[in-house]
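**Student:** Residue numbers (this note's numbering): 923 to 1194. Where is the CB? At the ideal position from N, CA and C, for every residue including glycine. Pasting a structure here, questions to come.
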């Protein structure tokens, strides 16, 4: 699985978020690398600071959870690829895996037990975000098109208002982006607002916390930068010395995880 495939990515657009930009406040970055891995991506963080993501070793992808300084591998039994994307306060973890037929399935891991998540009638489902109520946001492919979904109490609801669903907070607010129009969105109670970083050629929104703070990345001048959107103000996040920074998730302590590229190597990070 090549790097760009990680980003496989409509909702009536009724408003545009007014926004300005600012530089990152003086905070600290810490690199997160799974020992012996060729690459590491930190993808989700819960309220207590437990982090999930994935890494590559010998060309194979594995999920991980990082808690209290210890990495633990997450592999769905029999899968050729396992990727962990989100974690909630109850330590329920979501992501996807690829089976021997190359079908892509979402999963939720609860108390050591994996449960497959397949949108009915499809062979490509990705579970991306999970809130503390156990509600899951993700996307599926059907007929060559990608569609967002929310899974609540075992029932799927398709989201085709502004793009593909990625993050969901405890109030049911959803963020994502239109893979083809290069615009991000936030969706609340069926009403969608677009998110566009000023002067950027594309904007992706991946995570949202309980305060409505949103993280993602944007491309400007041919370079990708992470961002935080808080009360209409975009703050750029660039790991020092990196050529590429993406912010994937933010918790209520405003701890942010993602990845950056430096010297051709992909590293996970936490910004705190």
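Where residue 986 and residue 1182 are concerned, what is the direct C-alpha to C-alpha distance, given to the nearest angstrom?
**Tutor:** So the two alpha carbons sit approximately 17 Å from each other.
**Student:** Report the rounded CA-to-CA distance for residue 982 versus residue 1107, giving the unit in angstroms.
**Tutor:** For residue 982 and residue 1107, the distance between alpha carbons rounds to 32 Å.
**Student:** How long is the line joining the alpha carbons of residue 920 and residue 1018, rounded to whole angstroms?
**Tutor:** Outside the modelled stretch of the chain, which goes from 923 to 1194, sits residue 920, for which no answer is possible.
**Student:** Hey, how far is the Cα of residue 975 from the Cα of residue 997?
**Tutor:** In a straight line, the C-alpha of residue 975 is about 12 Å away from that of residue 997.
**Student:** If we ignore side chains and look at the alpha-carbon of each, how far apart do residue 1199 and residue 1098 end up?
**Tutor:** One cannot answer for residue 1199 here, as it falls past the ends of the chain, which runs 923 to 1194.
**Student:** Just to confirm my understanding: we take residue 1136, look at its own chain, exclude 5 residues before and 5 after, and list those with CB closer than 6 Å. What are they?
**Tutor:** The residues are 1097, 1127, 1130, 1151.
**Student:** Quick one: what does DSSP say residue 1173 is sitting in, helix, strand or coil?
**Tutor:** Correct three-state label for residue 1173: coil.
**Student:** Output the distance between the C-alpha atoms of residue 1048 and residue 1009, rounded to the nearest integer angstrom.
**Tutor:** Each residue's Cα considered, the two are about 14 Å apart.
**Student:** Have a look at residue 1123 and residue 1103 and give me their C-alpha separation to the nearest angstrom.
**Tutor:** For residue 1123 and residue 1103, the distance between alpha carbons rounds to 10 Å.
**Student:** What is the C-beta distance between residue 1170 and residue 984, in whole angstroms, given that I count them as a contact (C-beta under 8 Å)?
**Tutor:** Contact doesn't hold; Cβ gap of about 17 Å is too wide.
**Student:** With a CB to CB cut of under 8 Å and the five nearest residues on each side skipped, what residues in its chain are close to residue 1057?
**Tutor:** Excluding sequence neighbours, residue 1057 sits near 1072, 1073, 1074, 1090, 1094.
**Student:** Between 1031, 1101, 1080, which lies nearest to residue 1042 when the distance is taken from Cα to Cα?
**Tutor:** If we check each option's Cα against that of residue 1042, 1080 comes out closest.
**Student:** Around the C-beta of residue 1022, are 16 or more other C-beta atoms found within 10 angstroms, so that it is buried, or is it exposed?
**Tutor:** That one is exposed.
**Student:** Considering only the beta carbon of each residue, do residue 1030 and residue 1037 sit closer than 8 Å?
**Tutor:** In this structure, residue 1037 lies closer than 8 Å to residue 1030 by Cβ.
**Student:** Have a look at 1193, 1194, 1189 and flag the residue whose alpha-carbon is nearest the alpha-carbon of residue 956.
**Tutor:** Ranking 1193, 1194, 1189 by Cα distance to residue 956 puts 1189 first.
**Student:** State the CB to CB distance for the pair residue 1174 and residue 1147, rounded to an integer number of angstroms; the pair is presumed to be in contact (CB under 8 Å).
**Tutor:** With a Cβ gap of about 24 Å, residue 1174 and residue 1147 do not count as contacting.
**Student:** If you check the beta carbons only, do residue 1061 and residue 1055 fall under 8 Å apart?
**Tutor:** No, they are not a contact pair.
**Student:** With distance defined between alpha-carbon atoms, name the residue in 980, 1165, 1134 nearest to residue 1143.
**Tutor:** Among 980, 1165, 1134, the Cα nearest to that of residue 1143 is on 1165.
**Student:** For residue 960, list the residues DSSP reports as bridge partners.
**Tutor:** Residue 960 pairs with nothing; no bridge assigned.
**Student:** Does residue 1122 come out as helix, strand or coil in the three-state DSSP assignment?
**Tutor:** Coil, per DSSP.
**Student:** Out of 1007, 1180, 1045, which one is the CA nearest neighbour of residue 889?
**Tutor:** Summary: the structure shown does not reach residue 889, with the chain confined to residues 923 through 1194, and so no result is reported for it.
**Student:** Assuming residue 1016 and residue 1050 are in contact, meaning their beta carbons sit under 8 Å apart, how far apart are those beta carbons, in whole angstroms?
**Tutor:** About 7 Å; that satisfies the 8 Å criterion.
**Student:** Less than 8 Å between the beta carbons of residue 1011 and residue 969, yes or no?
**Tutor:** Yes, the Cβ-Cβ distance between residue 1011 and residue 969 is below 8 Å.
**Student:** According to DSSP, residue 1019 sits in a beta bridge with which residue or residues?
**Tutor:** For residue 1019, which the question treats as bridged, DSSP gives the partners 1004, 1027.
**Student:** Rounded to the nearest angstrom, what separates residue 1109 and residue 1085 at their Cα positions?
**Tutor:** Roughly 10 Å separates the two Cα atoms.
**Student:** Could you name the residues of the same chain whose beta carbon sits closer than 8 Å to that of residue 954, not counting the 5 residues immediately before and after it, in chain order?
**Tutor:** So the list reads 962, 964, 973, 975, 988, 1179, 1189, 1190, 1191, 1192, once near-sequence residues are dropped.
**Student:** Per DSSP, what are the beta-bridge partners of residue 1085 in this structure?
**Tutor:** According to DSSP, residue 1085 bridges with nothing at all.
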